[in-house]
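Trainee:
Chains as they are written, first to last, in the working numbering: chain A, 2 to 272; chain B, 381 to 757.
1) When you compare the CB of residue 744 of chain B with every CB in chain A, is at least one pair closer than 7 angstroms?
2) Which value, in whole angstroms, describes the spacing of the CA atoms of residue 76 of chain A and residue 246 of chain A?
3) Check whether the Cβ of residue 183 of chain A lies closer than 7 angstroms to any Cβ atom in chain B.
4) If you drop the 5 nearest sequence neighbours on each side, which residues of the same chain put their C-beta closer than 8 angstroms to that of residue 527 of chain B?
5) Out of B:623, B:471, B:721 and B:433, which one is the CA nearest neighbour of residue 587 of chain B?
6) Could you please give me the residues that DSSP links to residue 23 of chain A through a beta bridge?
7) Are the segment 584-603 of chain B and the segment 707-720 of chain B in contact at 8 angstroms, needing three or more beta carbon pairs?
8) Which residue spans inside the segment 47-117 of chain A form an unbroken alpha helix (DSSP H) run of at least 4?
9) Go to residue 200 of chain A, then tell me how far its beta strand (DSSP E) extends in each direction, as first and last residue.
10) Taking residue 489 of chain B as the query, report the chain A residues whose CB atoms sit under 7 angstroms from its CB, ordered along the chain.
11) On the three-state DSSP scale, how would you describe residue 719 of chain B?
12) Flag this pair as touching only if the segment 402-418 of chain B and the segment 449-463 of chain B have three or more C-beta atom pairs under 8 angstroms; answer yes or no.
13) Check the Cβ-Cβ distances between residue 401 of chain B and every residue of chain A, and say whether any is below 7 angstroms.
14) Hey, does residue 493 of chain B have any beta-carbon neighbour from chain A nearer than 7 angstroms?
15) Could you tell me whether any Cβ in chain B is nearer than 7 angstroms to the Cβ of residue 1 of chain A?
16) Between the beta-carbon of residue 112 of chain A and the beta-carbon of residue 211 of chain A, is there less than 7 angstroms?
17) Is residue 42 of chain A close to chain B? Criterion is C-beta to C-beta, closer than 7 angstroms.
18) Taking the beta carbon of residue 11 of chain A as the centre, do at least 16 other beta carbons fall within 10 Å, making it buried, or is it exposed?
19) Using the Cα positions of residue 195 of chain A and residue 165 of chain A, report the straight-line distance between them to the nearest angstrom.
20) Are residue 261 of chain A and residue 143 of chain A closer than 7 angstroms when you measure CB to CB?
21) Going by CA-CA distance only, name the one from B:487, B:703, B:458 and B:537 that's closest to residue 167 of chain A.
22) I'd like to check one pair, residue 244 of chain A with residue 70 of chain A: are the Cβ atoms closer than 7 angstroms?
23) Within 7 angstroms of any Cβ in chain A, is that where the Cβ of residue 525 of chain B sits?
24) Between which two residues does the alpha helix (DSSP H) containing residue 172 of chain A stretch?
25) Which ranges does the beta strand (DSSP E) cover as unbroken runs of at least 3 residues, wholly within the segment 547-575 of chain B, from first to last along the chain?
26) Between B:662, B:658, B:642 and B:639, which lies nearest to residue 650 of chain B when the distance is taken from Cα to Cα?
27) Ignore the nearest five residues each way along the sequence and tell me which others in residue 645 of chain B's own chain have a CB closer than 7 angstroms to its CB.
28) In terms of residue numbering, what span does the alpha helix (DSSP H) encompassing residue 229 of chain A cover?
29) From residue 45 of chain A to residue 252 of chain A, what does the alpha carbon distance come to, in whole angstroms?
30) Run the CB neighbour count on residue 517 of chain B, radius 10 Å, all protein chains shown included, and call it buried at 16 or more, exposed below.
31) Closer than 8 angstroms between beta carbons: that is the criterion. Which residues of the segment 499-522 of chain B meet it against chain A?
32) What residue range does the alpha helix (DSSP H) around residue 262 of chain A cover?
33) Is residue 711 of chain B helix, strand or coil by DSSP?
34) Under DSSP, the alpha helix (DSSP H) around residue 660 of chain B begins and ends at which residues?
35) For residue 422 of chain B, which of B:475, B:449, B:675 and B:565 has the nearest alpha-carbon?
36) Hey, how far is the Cα of residue 619 of chain B from the Cα of residue 558 of chain B?
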């Protein structure tokens, strides 16, 4: 096959895109190892900001909150989103097909709108019935709602790509409803389950806007902590937090990628 | 080609089991009806009996209800009314996973997340059969279908023909009372397809298992089946052995669907003579009451040069003058499209190496009285 050479202007454009994408991240990582308290000059390698980070109770608490929020909301979103995706798949041919639009809508909805409406809703609910005081629980509920459509669509897409006759085949081969779920449905959609979990986890972990509007005084997450800290000026330990978050997201992406490659090797181009 | 006794050795338990419980695999359908929505009739009051150990084919065009019928046998669809008995047991309301019936699907429906071995073992695992026994049975089955070298492969690495065999193995390893096959050869190319037709037929004879086969390909149906049911618009038009449906079609639909047809309406009948648009034709018999259609199969028509003595001048042959309008050379046979007094008639002649007729040639069309098939609709 003939290899087409890209126009030189395109190559310049490409490198510019990469530069603007990754240079700020590289700067954050570099300055997190800075020996002095400066955002302008790099005066040598040191781990002092990481040390101060791990002795800062507020940071540890925020990290703990972030993990609890991201883990629980993504597990709940995964379970509910799987049922939703399956339901969408089963009813796709019928009159309920238009319902999928309702699933897409939250994805394009601005986070600010989501956050403000969630906040108003929970505050009103709390003042009327005394339940759902802003805090971790309201955050988890809000996070589940915005993660849900992503998970549901991933699962739905996976089902659509499966041969519909596989459902018949599993029934034909003596699998009752429970065995069908355990030995056919769940293994067959496993790549989408893994991808859905990691997507929901990263969405939750780096969300600021929705967390901000729905959190209580005790439930600040890492992004909320960073926002508060930055108002007092950018300190190098913010760079350290940023670097750790980059590392966490990279690890999650890597696990997800390895899994995808493994299942692609098993199933060819089905994914 | 292994001998019959040698191949039976590969399925010792099955051959024995089948000779004892042959009746377990007969099928009786009574008054089966099925509609999709309000106006699509998939099946209309179908009665059918399939004998144990039979290779039975449901044949018909797409939308005739053959696949719906198969799915009702498998339990994957339920009939609106009527009953299904397998081996004398009423299974009308029995869930598919509780029926001793397995299906080879048109798309094969092999599980993409499992390798070949686990695909074949799936049914055994679901029935709680132990690992050791399951392994033995999977390996025996794979060996007998010559796919034992594929057991560790992933599904996407296999060709269509290999997938077909694995789908077959996955169904047969469960030793069902009845095997259902939903157009399993339709996705394969012609050469492989005819090989597998022969192989499937041999396998069925070897196992003595009841096979219910669905196809829209009349040739495939003729080659493989003990009996064929022709379906049209959700109803059974005719059931019979291949020679029966070919030589004595009961309706215009059957005559058309099986083989090439020359069909002529009969306007009157007088003893041995019928009056058709082709002219007066002598038939073999005067019995059977009125007839509405005369069918003449293309391959029984004899063609000779005009004025020649023809096949046998002493016989009471139907002789008609014709002219060659088109010729299609097929190798073993030559297909002539003839004009017989304004009527279009197709003749298929064996290519014996003699001179072929050319387009425009005048020919003598000869039809034996016993080859004029009368259809009473």
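Cβ coordinates follow ideal geometry from the N, Cα and C atoms, glycine included.
Mentor: By the coordinates alone:
1) By 1-based counting over the second chain, the position of residue 744 of chain B is 364. Not one chain A Cβ lies under 7 angstroms of residue 744 of chain B.
2) If you number the first chain from 1, residue 76 of chain A lands on position 75. If you number the first chain from 1, residue 246 of chain A lands on position 245. Those two C-alpha atoms are separated by around 20 angstroms.
3) On the first chain, position 182 is the one that residue 183 of chain A refers to. Output row for residue 183 of chain A: interface = no.
4) Within the second chain, residue 527 of chain B is the residue found at index 147, counting from 1. Around residue 527 of chain B: 496, 542, 545, 546 and 549.
5) For the purposes of this step, residue 587 of chain B is identified with residue 207 of the second chain, where counting begins at 1. Considering only alpha carbons, the answer is B:433.
6) As a working note, residue 23 of chain A is residue 22 in the first chain. Answer is none; residue 23 of chain A lacks a bridge partner.
7) no
8) 49-55, 58-91 and 100-109
9) Residue 200 of chain A sits at position 199 when you count from the first residue of the first chain. Segment 191-206 is the alpha helix (DSSP H) holding residue 200 of chain A; no beta strand (DSSP E) there.
10) Along the second chain, one-based indexing puts residue 489 of chain B at 109. Chain A residues near residue 489 of chain B: 164, 166, 167, 169 and 170.
11) Within the second chain, numbered from 1, the residue matching residue 719 of chain B stands at position 339. Three-state result, residue 719 of chain B: strand.
12) yes
13) As a first step, residue 401 of chain B must be located in the second chain, where it is residue number 21. Bear in mind that a pLDDT of 49 at residue 401 of chain B, under 50, signals an unreliable position, so the model cannot answer this.
14) As a first step, residue 493 of chain B must be located in the second chain, where it is residue number 113. Among the CB atoms of chain A, one or more fall inside 7 angstroms of the CB of residue 493 of chain B.
15) With chain A running from 2 to 272 in the structure shown, residue 1 of chain A is simply not present.
16) Residue mapping note: residue 112 of chain A aligns to position 111 of the first chain, counting from 1. Residue mapping note: residue 211 of chain A aligns to position 210 of the first chain, counting from 1. Yes, they are a contact pair.
17) The residue you call residue 42 of chain A lines up with position 41 of the first chain. So no, residue 42 of chain A is outside the interface.
18) By one-based count along the first chain, residue 11 of chain A stands at place 10. Per the 10 Å Cβ criterion, exposed.
19) Taking the first residue of the first chain as position 1, residue 195 of chain A is located at position 194. Taking the first residue of the first chain as position 1, residue 165 of chain A is located at position 164. Those two C-alpha atoms are separated by around 22 angstroms.
20) For the purposes of this step, residue 261 of chain A is taken as the residue at position 260 of the first chain. For the purposes of this step, residue 143 of chain A is taken as the residue at position 142 of the first chain. Going by C-beta atoms, residue 261 of chain A is not nearer than 7 angstroms to residue 143 of chain A.
21) Residue 167 of chain A sits at position 166 when you count from the first residue of the first chain. When each option's Cα is compared against that of residue 167 of chain A, the closest is B:487.
22) Here residue 70 of chain A corresponds to residue number 69 of the first chain, with the count starting at 1. Here residue 244 of chain A corresponds to residue number 243 of the first chain, with the count starting at 1. No.
23) The residue given as residue 525 of chain B occupies position 145 in the second chain. Not one chain A Cβ lies under 7 angstroms of residue 525 of chain B.
24) As a working mapping, residue 172 of chain A is identified with position 171 in the first chain. Run containing residue 172 of chain A: 166-173, per the alpha helix (DSSP H) assignment.
25) 558-562
26) As a first step, residue 650 of chain B is located in the second chain; it is residue number 270 there, counting from the start. Considering only alpha carbons, the answer is B:662.
27) Here residue 645 of chain B is taken as the residue at index 265 of the second chain, counted from 1. Hits under 7 angstroms: 656, 657, 672 and 673.
28) Start at 1 with the first residue of the first chain, and residue 229 of chain A comes out as number 228. Per DSSP, residue 229 of chain A belongs to the alpha helix (DSSP H) from 223-231.
29) If you number the first chain from 1, residue 45 of chain A lands on position 44. If you number the first chain from 1, residue 252 of chain A lands on position 251. So the alpha carbons of these two residues sit roughly 27 angstroms apart.
30) For the purposes of this step, residue 517 of chain B is taken as the residue at position 137 of the second chain. With 16 or more other Cβ atoms within 10 Å, it is buried.
31) 502, 503, 505, 506 and 507
32) Looking up residue 262 of chain A in the first chain gives position 261. Run containing residue 262 of chain A: 237-268, per the alpha helix (DSSP H) assignment.
33) Taking the second chain and counting its residues from 1, the one referred to as residue 711 of chain B is at position 331. Residue state, collapsed to three classes: coil.
34) Here residue 660 of chain B refers to the residue found at position 280 of the second chain. Careful: residue 660 of chain B lies outside any alpha helix (DSSP H), inside the beta strand (DSSP E) at 659-662.
35) The count along the second chain starts at 1 and reaches residue 422 of chain B at position 42. The closest CA to that of residue 422 of chain B, considering only B:475, B:449, B:675 and B:565, is found on B:449.
36) Taking the second chain and counting its residues from 1, one reaches residue 619 of chain B at position 239. Taking the second chain and counting its residues from 1, one reaches residue 558 of chain B at position 178. Their Cα atoms are separated by approximately 19 angstroms.
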